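> Residue numbers (this note's numbering), protein chains in the order written: chain A, 14 to 340; chain B, 14 to 340; chain C, 14 to 340; chain D, 14 to 340. In this text, a Cβ means the ideal position worked out from N, Cα and C, and glycines have one as well. None of these values were measured; they are calculated from a predicted model.
Protein chains: 4
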Amino acid sequence: MRLGQTVCVTLFGESHGNSVGSLVEGVPAGTIIDAEILMEDMIARRPGSKLASKRKETDEVEILSGVYQGKATGDPILLLIRNRDARSTDYEFLPNQPRPGHADHVSNVKSQGYADPRGGGSFSGRLTAGLVAAGSISRLILPSEWKVEAKIHQIGGLDESEGRILAENCRKEKDSIGSSVILEISGLPVGIGEPWFDGLEPALAGALMAIPGARAVEFGRGVMAGTMKGSEHNDLWLDDFKLLEGADGALGGISTGAKLTVTITFKPPSSIAQPQQTWNEGLKEIRELIVKGRHDPVLAPRARMVVEAVARLVLADLGVRGGYIDA
Amino acid sequence: MRLGQTVCVTLFGESHGNSVGSLVEGVPAGTIIDAEILMEDMIARRPGSKLASKRKETDEVEILSGVYQGKATGDPILLLIRNRDARSTDYEFLPNQPRPGHADHVSNVKSQGYADPRGGGSFSGRLTAGLVAAGSISRLILPSEWKVEAKIHQIGGLDESEGRILAENCRKEKDSIGSSVILEISGLPVGIGEPWFDGLEPALAGALMAIPGARAVEFGRGVMAGTMKGSEHNDLWLDDFKLLEGADGALGGISTGAKLTVTITFKPPSSIAQPQQTWNEGLKEIRELIVKGRHDPVLAPRARMVVEAVARLVLADLGVRGGYIDA
Amino acid sequence: MRLGQTVCVTLFGESHGNSVGSLVEGVPAGTIIDAEILMEDMIARRPGSKLASKRKETDEVEILSGVYQGKATGDPILLLIRNRDARSTDYEFLPNQPRPGHADHVSNVKSQGYADPRGGGSFSGRLTAGLVAAGSISRLILPSEWKVEAKIHQIGGLDESEGRILAENCRKEKDSIGSSVILEISGLPVGIGEPWFDGLEPALAGALMAIPGARAVEFGRGVMAGTMKGSEHNDLWLDDFKLLEGADGALGGISTGAKLTVTITFKPPSSIAQPQQTWNEGLKEIRELIVKGRHDPVLAPRARMVVEAVARLVLADLGVRGGYIDA
Amino acid sequence: MRLGQTVCVTLFGESHGNSVGSLVEGVPAGTIIDAEILMEDMIARRPGSKLASKRKETDEVEILSGVYQGKATGDPILLLIRNRDARSTDYEFLPNQPRPGHADHVSNVKSQGYADPRGGGSFSGRLTAGLVAAGSISRLILPSEWKVEAKIHQIGGLDESEGRILAENCRKEKDSIGSSVILEISGLPVGIGEPWFDGLEPALAGALMAIPGARAVEFGRGVMAGTMKGSEHNDLWLDDFKLLEGADGALGGISTGAKLTVTITFKPPSSIAQPQQTWNEGLKEIRELIVKGRHDPVLAPRARMVVEAVARLVLADLGVRGGYIDA
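1) Rounded to whole angstroms, what is the Cα-Cα separation between Ala48/B and Pro89/D?
2) If you measure from the beta carbon of Leu264/B to each beta carbon in chain A, is any gap under 8 Å?
3) Alpha carbons only, please: which of Thr19/C, Glu53/C, Gly43/C and Ser283/C is nearest the one belonging to Lys187/C?
4) Quick one, are the C-beta atoms of Gly34/C and Leu92/C less than 8 Å apart?
5) Shorter than 8 Å from the beta carbon of Ala85/B to some beta carbon of chain C?
6) Shorter than 8 Å from the beta carbon of Tyr104/A to some beta carbon of chain C?
7) What in chain A is Cβ-close to Ser78/C, meaning under 7 Å?
8) Counting along the chain, where does the alpha helix (DSSP H) carrying Ser101/D start and finish?
9) Going by DSSP, what residues sit across from Lys164/C in a beta bridge?
10) Output yes if chain A places a C-beta closer than 8 Å to the C-beta of Arg334/B; else output no.
11) For Arg300/D, which of helix, strand or coil comes out of DSSP?
12) Is the CB-CB distance between His308/B and Lys280/A below 8 Å?
13) So is Pro208/C in contact with chain B if we call contact Cβ pairs under 8 Å?
14) Which one or two residues does DSSP pair with Trp292/B in a beta bridge?
15) For Pro113/A versus Trp209/B, is the C-beta spacing smaller than 8 Å?
16) Is it buried or exposed for Leu257/D, if we count other Cβ within 10 angstroms and need 16 for buried?
17) If we cut at 8 Å on Cβ distances, does Gln167/B have a partner in chain A?
18) Could you say if the region 18-37 of chain C and the region 142-152 of chain C meet the contact criterion of at least three C-beta pairs nearer than 8 Å?
19) Determine whether the beta carbon atoms of Arg139/C and Met318/C lie at a separation below 8 Å.
20) When burial is assigned at 16 or more other CB atoms within 10 Å of the CB, is Pro156/C buried or exposed?
21) Go ahead and label Thr102/D buried or exposed: buried means 16 or more other beta carbons lie within 10 angstroms of its beta carbon, across all protein chains shown.
22) Alpha helix (DSSP H) containing Thr141/D: first to last residue?
23) Give a yes or no on whether 8 Å exceeds the smallest Cβ distance from Gly39/A to chain C.
24) Compare the C-beta of Asp72/A against all C-beta atoms of chain C and say whether one is closer than 8 Å.
25) Per DSSP, what kind of secondary structure is Ile94/A in: helix, strand or coil?
26) Tell me which residue opens and which closes the alpha helix (DSSP H) that Leu256/C is part of.
27) If contacts are defined as beta-carbon pairs under 8 Å, then Asp213/B and Ile154/B qualify, I think. What distance do you get, rounded to the angstrom?
28) Whole-angstrom Cβ separation of Gly170/B and Thr240/A, contact assumed at under 8 Å?
29) Using DSSP bridges, identify the partner residues of Leu171/A.
30) Taking the C-alpha atoms as reference points, what is the distance between Lys160/B and Gly332/A?
31) Would you mind working out which of Ala271/B, Asp330/B and Ile178/B sits nearest Val311/B, comparing C-alpha positions?
32) From the DSSP secondary-structure annotation, give me the bridge partner or partners of Arg15/A.
33) Near Asp330/B, what residues of its chain come up, given a Cβ to Cβ distance below 7 Å and the 5 sequence neighbours on each side ignored?
34) Under three-state DSSP, which class holds Ser32/C?
35) Do we get a CB-CB distance below 8 Å when we pair Val196/D with the residues of chain C?
36) Confirm, please, whether the CB-CB distance from Gly204/D to Val122/C is below 8 Å.
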């Protein structure tokens, strides 16, 4: 549950346990830790909006180590978020009747029955709270000209505003809808990324695919590149190695100076309120399951913040490793 | 340039240097090292077919350590492949006039001019020889029922047989064409994959995106999941947790027992024989560049083998880490 | 601040900050987490006895993640210990006049002034609380026949009972005294340890030398081996590879089945109550410094517990990595 | 078989296999690779002198990747040393009758019989050739004012010149003798070393204890510190944080600016020519064993070079990690 090598974050916690959070290592000494930004980031990710789960969490982050007089000491920073509004009674069917589309069953098998099944345990999207908190810390590690922005790309094939209406309808119909997020990274100098498996794209792809519900990552022209010709796809180096708008932001995993664009596809949330016919291991038969809980009908609106957090953490790590950010 | 944690492979070498290869660590003692399979895998990846680069390499692999009496000792295995048919004179324009779509420029900037520029140096697809050799070693680490197969999914929007004709035409027109590979992994027990950033999908996505030319990875229904409804996308658990054909092969990054399907999109090869107008740093102006070399008009036919190798290495690593394969 | 690869512990916290503790990863699912043992271990390390610092800490450990119904889930376990009895006013001379023998100065330079200086910050022996808590968790990972015991070897050249009197006198004289701990590991099967840098001795030496105040580690006959002959030192393999009492517990870093003995030398505690003439950076002159705080006159009595904790964590890591303990 | 995190070296090879060597990662691009220094370092370690094993190896190092036009490219550097003068017939008693004091038996058990037993296989001191070659590369990574020097401290209780005579006598008597090496590191700025487990002392202790035959490591006053008083042991900070000669070179694992002194004790070589009565697993009885081979009667003279290599590699790693050396 660890991301990164130099700047690295380890997640911990369970959806309905005592707490969630993250331990962030490698934050350069002197980095300003801005509690206000942290709070804003947590609010942006927080459930409770119309399109989001009805679980109410204040998501207050306790900073328990590694910060002195408002600045990072260089030592591990512990970010702790208590769980307060967990309704574990909503999950009494677990692990007997695992939810379709969730990790309940595989987690139970893998842990030989020792996993905390409530609300998805450590597989829950709730753990992205620790990731967003860590990402917020990484904001001030990154040079100010490195811009990271994630937006809703589409919801069920529609643009953001129409898609939100669609999602609200899906919720009413006890259903949910797929979506995607577009991530844009700009302002990087040439040279960010390490060769091969630690390149910008491998690092981003690996980290982004860990966000619950992610099903695809595309870089630049993405899937479309699979039907293009070389003469169309090649980005010519213009004066002083400038590139045209739309050029790939990385080659061989190393930043080119052009904007890096990543599209991340999220499946429709698996928790839907309509009855589902699925295996009950206790009764050894297929039974109707109604998932209560309080759930989002679409992932992109909240996943957006997680995508940004993940991207910032990856950039902070690669930036320090490559010597582009002072450790 | 390292992939994996327990079973891990480190690539080394340069396209036109002395050699390429890999150091493979964590191969369980007693694993049979089958020189014949190794040779076959190398031949399948080897350039020289009609659709492939004309560079002729025998790609003989010297196994220089870690194997005794035909079996792995458990110590690091050094796989060395000498470069023989390198024509460095083809690359005399480097690093002055970097090729469009290649890492020449970013590599030169990142290394402050110390990188070996010839033929892409350490960014060259030539390094996949070491990866395929390592993947071949991992074949016999995997339990025999774990099946890994990568096929050509499409070339320029056409199926394999028509696509090959298209690619041959592109070559004649001094152009190249995009493609994609479909990877199918079957026979895994429930439970392979570690939580979050070391899940099956994150691990595969990170590793596959490091293959030169990869632009997208999609799992299961991939990009299509972004417009589906939850009621359609959810895979119901059937009797004894069986799943229907087409169900996701992993949930939360952990194998479900269903076939895992991954689609990897490759851009059209950037080396095309037609003249390109691109920046010449030596002359400080945009000039025509004609890339000689001997190049593939499409990546999927050879990338297929690399995809399989990468997938096997990832599975070997996760299998050992999870205790599903004896170390 | 991380120890281990498979079973691994990351320390966090500062002596006079909010808290100290550790994040323990890789604890096999199902491992019993015994709160009573944890409490006993913490009490044994706790300051407050005659020979120990007068700082009073209850050292209650909050287990905030990774445990469900009294057993490890396999996910990261967060162990948090709040600081309660910190008297930061005792350290107002820092960082201006760093204490001799402490890391105050080097920590200040390394962190460019951003370290928390109070009570040694993250270099304080207080962080061993998190290490002992983690070691306590590792107790139940180890097979019951693997015995780990650390005893006071000597204090100021005297045996334990006389040495304690000596230490008490040193305290009265506002001085402190050196000591050593002997660690005995028995009951290991043949084969624990990984080759070269991850062998039993390298792993133990590296981890033990991180305990504050450690100055030497000796294995088996230790320093004495430097003057012995091969014919004396060689341990002959007896019937069925038994070894005589006193034989080396590891060869080439791998356990032999014989008892492994390690002697760890600790310097006299650097915090002594007598005035010391030392550089004051604020005043730019050498000045008298009187270290208040509440300090131990000898390290071995409390370090003993830390040595055991570290040894258990190293064995748990190597045991899991080698497949001798099920992950 | 890997040392270091940023600058890191992985050993490979077996004593009587095809080759030994190392893969060195993280060498900063532009580092001069001086083939002459490399050759000199290899000669200094090479067997063949009076006090050393009679095995004749030219120990020529092939640099097979990562170097272009005499400078490091920043990519992995493969250093290969072929085995030429291996007499495997000397080891036909293995693995049936493992040598006392060697890893033959534990290696055989650990690998379930798959290890290469000849001459100690991958546990052989022969692998230090790859370590010395890597250490030689690291020479030019270190700033020139960082001095690393290892000298013979004592042989069998005598100084170097008398000790060498003693060792020669031991050889004639078909015996061997213990020894120690003193390592001095000077010229480091304040701040080298990372907190806790990656401090200078933990990192050096772990790495040095991996050298075959090492039995103890002592820092500064070492074992003697165990009987000293705090008032004697404390090093006072003098004007501008200078320290007196003899002060500890590190506090809390971080360099103080004073010379760092490490004493490493080596056991007498286990290969002695006199008959030894030891277990024969083939015959299931204790039998006389005469170890032929060609062996050193004392380790310090050649281990000295390995100690320096290891120390340089550790410093290069910590120097890059701490930002004291540009990556």
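Taking the definition as stated:
1) Position 35 of the second sequence, counting from 1, holds the residue named residue 48/B. Position 76 of the fourth sequence, counting from 1, holds the residue named residue 89/D. Each residue's alpha carbon lies about 26 Å from the other.
2) Working through the second sequence from its first residue, we reach residue 264/B at position 251. With 8 Å as the cut-off, Leu264/B counts as an interface residue toward chain A.
3) In the third sequence, counting from the first residue as 1, residue 187/C sits at position 174. When only C-alpha atoms are compared, the closest one is Ser283/C.
4) As a working note, residue 34/C is residue 21 in the third sequence. As a working note, residue 92/C is residue 79 in the third sequence. Cβ distance < 8 Å, so Gly34/C and Leu92/C count as in contact.
5) Sequence index remark: in the second sequence, residue 85/B carries index 72 (1-based). For Ala85/B, the answer is no, since every Cβ of chain C falls outside 8 Å of its Cβ.
6) Position 91 of the first sequence holds residue 104/A. So no, Tyr104/A is outside the interface.
7) Locating residue 78/C in the third sequence gives position 65, where the first residue counts as 1. Phe25, Gly26, Glu27, Gly30, Asn31 and Ser32, listed in chain order.
8) For the purposes of this step, residue 101/D is taken as the residue at position 88 of the fourth sequence. DSSP places Ser101/D outside any alpha helix (DSSP H), giving it a letter other than H or E.
9) Counted from its first residue, the third sequence places residue 164/C at position 151. DSSP links Lys164/C through a beta bridge to Ile195/C.
10) Translated into positions along the second sequence, residue 334/B becomes position 321. No Cβ of chain A is located within less than 8 Å of the beta carbon of Arg334/B.
11) The residue labelled residue 300/D in the question sits at position 287 within the fourth sequence. In the structure shown, Arg300/D sits in a strand (DSSP, three-state: E or B).
12) For the purposes of this step, residue 308/B is taken as the residue at position 295 of the second sequence. For the purposes of this step, residue 280/A is taken as the residue at position 267 of the first sequence. No, Cβ-Cβ distance for His308/B and Lys280/A is not below 8 Å.
13) Counting from 1 along the third sequence, the entry for residue 208/C is found at position 195. Cβ-Cβ to chain B under 8 Å: yes for Pro208/C.
14) Here residue 292/B corresponds to residue number 279 of the second sequence, with the count starting at 1. Answer is Ile299/B, bridged to Trp292/B.
15) Start at 1 with the first residue of the first sequence, and residue 113/A comes out as number 100. Start at 1 with the first residue of the second sequence, and residue 209/B comes out as number 196. It is not a contact, given that the beta carbons lie outside the stated cut-off.
16) The residue you call residue 257/D lines up with position 244 of the fourth sequence. By the neighbour-count rule (16 or more Cβ atoms within 10 Å), Leu257/D is not buried but exposed.
17) What you label residue 167/B is simply residue 154 of the second sequence in a count that begins at 1. It does; some Cβ of chain A falls within 8 Å.
18) The region 18-37 of chain C makes contact with the region 142-152 of chain C, as at least three CB pairs between them are under 8 Å.
19) Taking the third sequence and counting its residues from 1, the one referred to as residue 139/C is at position 126. Taking the third sequence and counting its residues from 1, the one referred to as residue 318/C is at position 305. With contacts defined as CB atoms closer than 8 Å, Arg139/C and Met318/C fail to qualify as a contacting pair.
20) For the purposes of this step, residue 156/C is taken as residue 143 along the third sequence, with counting starting at 1. The residue in question, Pro156/C, is exposed, as its Cβ has fewer than 16 Cβ neighbours within 10 Å.
21) To locate residue 102/D, count along the fourth sequence from 1; it is residue 89. By the neighbour-count criterion, in which 16 or more other beta carbons inside 10 Å mark a residue as buried, Thr102/D falls on the exposed side.
22) Residue 141/D sits at position 128 when you count from the first residue of the fourth sequence. In the DSSP assignment, Thr141/D falls within the alpha helix (DSSP H) that extends over Thr141 to Arg152.
23) Here the question's residue 39/A lines up with position 26 in the first sequence. False, the Cβ-Cβ gap to chain C never drops below 8 Å.
24) Reading the first sequence from its first residue, position 59 is the one you call residue 72/A. Chain C contact via Cβ: absent.
25) Within the first sequence, residue 94/A is the residue found at index 81, counting from 1. Note: Ile94/A maps to strand in three-state DSSP.
26) Walking along the third sequence from the start, residue 256/C turns up at place 243. Counting along the chain, Leu256/C falls outside any alpha helix (DSSP H), and DSSP gives it neither H nor E.
27) Taking the second sequence and counting its residues from 1, one reaches residue 213/B at position 200. Taking the second sequence and counting its residues from 1, one reaches residue 154/B at position 141. It is Leu, not Asp, that sits at residue 213/B in the sequence shown. A Cβ-Cβ distance of about 17 Å is found for the pair Leu213/B and Ile154/B, leaving them out of contact under the 8 Å criterion.
28) Residue mapping note: residue 170/B aligns to position 157 of the second sequence, counting from 1. Residue mapping note: residue 240/A aligns to position 227 of the first sequence, counting from 1. So it is a contact: roughly 4 Å between Cβ atoms.
29) Mapped onto the first sequence, residue 171/A falls at position 158. DSSP output for Leu171/A lists Ile168/A as bridge partner(s).
30) Your numbering for residue 160/B matches position 147 in the second sequence. Your numbering for residue 332/A matches position 319 in the first sequence. Computed Cα separation, rounded: 38 Å.
31) In the second sequence, residue 311/B corresponds to position 298, counting from 1. Taking only the C-alpha atoms, the option nearest Val311/B is Ile178/B.
32) Walking along the first sequence from the start, residue 15/A turns up at place 2. In DSSP, Arg15/A forms a bridge with Thr23/A.
33) Mapped onto the second sequence, residue 330/B falls at position 317. Answer for Asp330/B: Gly17, Gln18, Thr19, Val20 and Cys21, listed in chain order.
34) Here residue 32/C is taken as the residue at index 19 of the third sequence, counted from 1. Collapsing the DSSP output to three states places Ser32/C in a strand.
35) Here residue 196/D refers to the residue found at position 183 of the fourth sequence. In the sequence under discussion, the amino acid at residue 196/D is Leu, which differs from the Val named in the question. Between Leu196/D and chain C, the shortest Cβ-Cβ separation is not below 8 Å.
36) On the third sequence, residue 122/C is found 109 positions in, with the first residue counted as 1. On the fourth sequence, residue 204/D is found 191 positions in, with the first residue counted as 1. Cβ distance < 8 Å, so Val122/C and Gly204/D count as in contact.
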